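Everything below concerns the one structure shown next.
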Ligand code: ADP
Ligand code: MG
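Residue numbers (our numbering): 351 to 697.
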């Protein structure tokens, strides 16, 4: 059945490299006013900027970072851009351009790559960035997507991991643990589907956490919000690997410790409900789950008034002069944070 269907679809070899690149990038326009020359020449030309240039790259590999059984290529294209934009945001910078390189095996059809680029285009439109180039090669097995993103910030506005000082407040955007539980649900349904192809799961009770796994958003809105509130964080990182490891990165780079409070950790009710269903402590997922792509940052105490009561921002703890970092649980136990946060927590 699938083979029948595939026969109607175009194989990558039917098109050839140049026609493929032309087709995939045909719908992209240059909109930011920051690009002189985009896709189609030997290299791109960018408009000179009055500010510092921020650049980052991230790669997604089939079987390692995504499972094509339950990841649509459209979502994957979006995510590949979003995770890079998230790193630009974590420097308190505004993204402007991306380059996208793909390695695809003959198993992928032209139509499948159309879907991937449809997702990339949605992300470019949503974050207001220009696609200005990339590379296209064949792979022996699977799909690899590498995205490089550029952004801009004034020198005094750039926020590193290293600026946190004793007594400053530790703040996180949005909520945590959702992407981890979204993945647990998707994996469970994938296993059920393999043993029973007629299986029709009701995913509505999990819509938010699945969305957070499949279509993570970079918090560019928070960069704009902080700017509007006139708050420059002293240190910042994006939460890609779980809160515990990101807190420890800020601590190590800044030469401080942190104390965070379990009762302050922002979690959606779907996280609490799904955690109970799976018999997993939700705090475990927050500390070591990963892929939330929220922003974690420190602010000076005098800036607290500016962020107080904002529904997108939660103070979860503070910096200390200690060299270790700790979680204070709801029953007032103090547990040292390790990169594998849950190891200690489950003891
Ligand atoms: P070269 O042989 O000089 O590397 P390519 O044929 O690889 O040139 O690329 C031609 C143009 O298409 C360049 O502008 C390049 O940046 C762009 N390009 C190639 N592959 C992709 C891709 N996967 N996504 C976006 N742009 C691409
Ligand atoms: Mg090339």
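For every residue, glycine included, the Cβ atom is placed at its ideal position computed from N, Cα and C.
Source: prediction; values computed, not measured.
Within the segment 481 to 513, note down every full beta strand (DSSP E) run reaching 3 residues or more, in order along the chain.
-> With a minimum length of 3 residues, the unbroken runs of beta strand (DSSP E) contained wholly in the segment 481 to 513 fall at 493 to 503.
Please state whether DSSP places residue 688 in a helix, a strand or coil.
-> Walking along the chain shown from the start, residue 688 turns up at place 338. Three-state DSSP puts residue 688 in coil, outside helix and strand.
Between the segment 451 to 459 and the segment 593 to 601, do three or more beta carbon pairs fall short of 8 Å?
-> No: fewer than three Cβ pairs fall under 8 Å.
Which word fits residue 669, buried or exposed, when buried means at least 16 other C-beta atoms lie within 10 angstroms of its C-beta?
-> Within the chain shown, numbered from 1, the residue matching residue 669 stands at position 319. Looking at its Cβ environment, which holds 16 or more other Cβ atoms inside 10 Å, residue 669 is buried.
Which of helix, strand or coil does DSSP assign to residue 464?
-> The residue labelled residue 464 in the question sits at position 114 within the chain shown. Note: residue 464 maps to helix in three-state DSSP.
What do you get for residue 471, buried or exposed, if any count of 16 or more other CB atoms within 10 angstroms of its CB means buried?
-> Translated into the one-based positions of the chain shown, residue 471 becomes position 121. Around the Cβ of residue 471, a 10 Å sphere holds 16 or more other Cβ atoms; the residue is buried.
Span of the beta strand (DSSP E), counted from its first residue to its last, around residue 564 = Position 214 of the chain shown holds residue 564. Careful: residue 564 lies outside any beta strand (DSSP E), inside the alpha helix (DSSP H) at 557 to 564.
Pick out the complete alpha helix (DSSP H) segments inside the segment 388 to 466, 4 residues or longer, and give them in chain order.
-> Correct list: 423 to 439.
Secondary structure of residue 477, DSSP reduced to three states | The residue you call residue 477 lines up with position 127 of the chain shown. Note: residue 477 maps to helix in three-state DSSP.
If you compare alpha carbons, which of 647, 652, 689 and 677 is closest to residue 522?
-> By 1-based counting over the chain shown, the position of residue 522 is 172. Distance from the Cα of residue 522 is smallest, within the candidate group 647, 652, 689 and 677, for 647.
Indicate whether residue 374 and residue 362 have their beta-carbon atoms separated by less than 8 Å.
-> Against the chain shown, residue 374 aligns to sequence position 24. Against the chain shown, residue 362 aligns to sequence position 12. For residue 374 and residue 362, no; Cβs fall outside 8 Å.
Among 644, 689 and 601, which residue has its Cα nearest to the Cα of residue 672?
-> Working through the chain shown from its first residue, we reach residue 672 at position 322. For the residues 644, 689 and 601, the minimum Cα distance to residue 672 belongs to 601.
By the 10 Å Cβ neighbour count, where 16 or more other Cβ atoms means buried, how is residue 613 classified, buried or exposed?
-> As a working mapping, residue 613 is identified with position 263 in the chain shown. Flag for residue 613 reads exposed.
Mind the definition here: the segment 525 to 535 touches the segment 651 to 660 only if three or more C-beta pairs lie below 8 Å; say whether that holds.
-> Touching, no, given that fewer than three Cβ pairs across the two stretches are closer than 8 Å.
For residue 516, I'd like the list of residues in its chain whose CB is within less than 7 Å of its CB, leaving aside the five on either flank, ordered along the chain.
-> Numbered from its first residue, the chain shown carries residue 516 at position 166. Once the five neighbours on either side are set aside, the close Cβ partners of residue 516 are 606, 669, 670 and 671.
Rounded straight-line distance, which links the Cα of residue 480 to that of residue 433 = Against the chain shown, residue 433 aligns to sequence position 83. Against the chain shown, residue 480 aligns to sequence position 130. Here the C-alpha atom of residue 433 lies approximately 16 Å from the C-alpha atom of residue 480.
If you measure from the CB of residue 395, is any heavy atom of the ligand ADP nearer than 7 Å?
-> Against the chain shown, residue 395 aligns to sequence position 45. No - the ligand ADP has no heavy atom lying nearer than 7 Å to the Cβ of residue 395.
Which of the three DSSP states, helix, strand or coil, is assigned to residue 677?
-> Position 327 of the chain shown, counted from the start, is the residue given in the question as residue 677. Judged by DSSP in its simplified three-state form, residue 677 adopts strand.
For the alpha helix (DSSP H) holding residue 572, just list the boundary residues, first then last.
-> Locating residue 572 in the chain shown gives position 222, where the first residue counts as 1. Looking at the DSSP string, the run of the alpha helix (DSSP H) that includes residue 572 is 570 to 578.
Report back the beta-carbon spacing between residue 445 and residue 499 to the nearest angstrom; my notes put them in contact at under 8 Å.
-> For the purposes of this step, residue 445 is identified with residue 95 of the chain shown, where counting begins at 1. For the purposes of this step, residue 499 is identified with residue 149 of the chain shown, where counting begins at 1. The C-beta separation of residue 445 from residue 499 comes to about 6 Å, placing the pair in contact by the 8 Å criterion.
Can you tell which of 419, 510 and 660 has its C-alpha closest to the C-alpha of residue 579?
-> Counted from its first residue, the chain shown places residue 579 at position 229. It is 660 whose Cα lies nearest to the Cα of residue 579.
Comparing the CB of residue 512 with every heavy atom of the ligand ADP, is any distance shorter than 7 Å?
-> Here residue 512 is taken as the residue at index 162 of the chain shown, counted from 1. Outside the cutoff, so no.
Assigned exposure category for residue 367 - 16 Cβ within 10 Å defines buried | Here residue 367 is taken as the residue at index 17 of the chain shown, counted from 1. Burial call: exposed.
4 or more residues per run - each alpha helix (DSSP H) lying fully within the segment 605 to 690 | Counting only runs of 4+ residues, the alpha helix (DSSP H) found wholly inside the segment 605 to 690 occupies 619 to 628, 632 to 638 and 654 to 657, in chain order.
Quick one: does the C-beta of residue 455 sit closer than 7 Å to a heavy atom of the ligand ADP?
-> Taking the chain shown and counting its residues from 1, one reaches residue 455 at position 105. No - the ligand ADP has no heavy atom lying nearer than 7 Å to the Cβ of residue 455.
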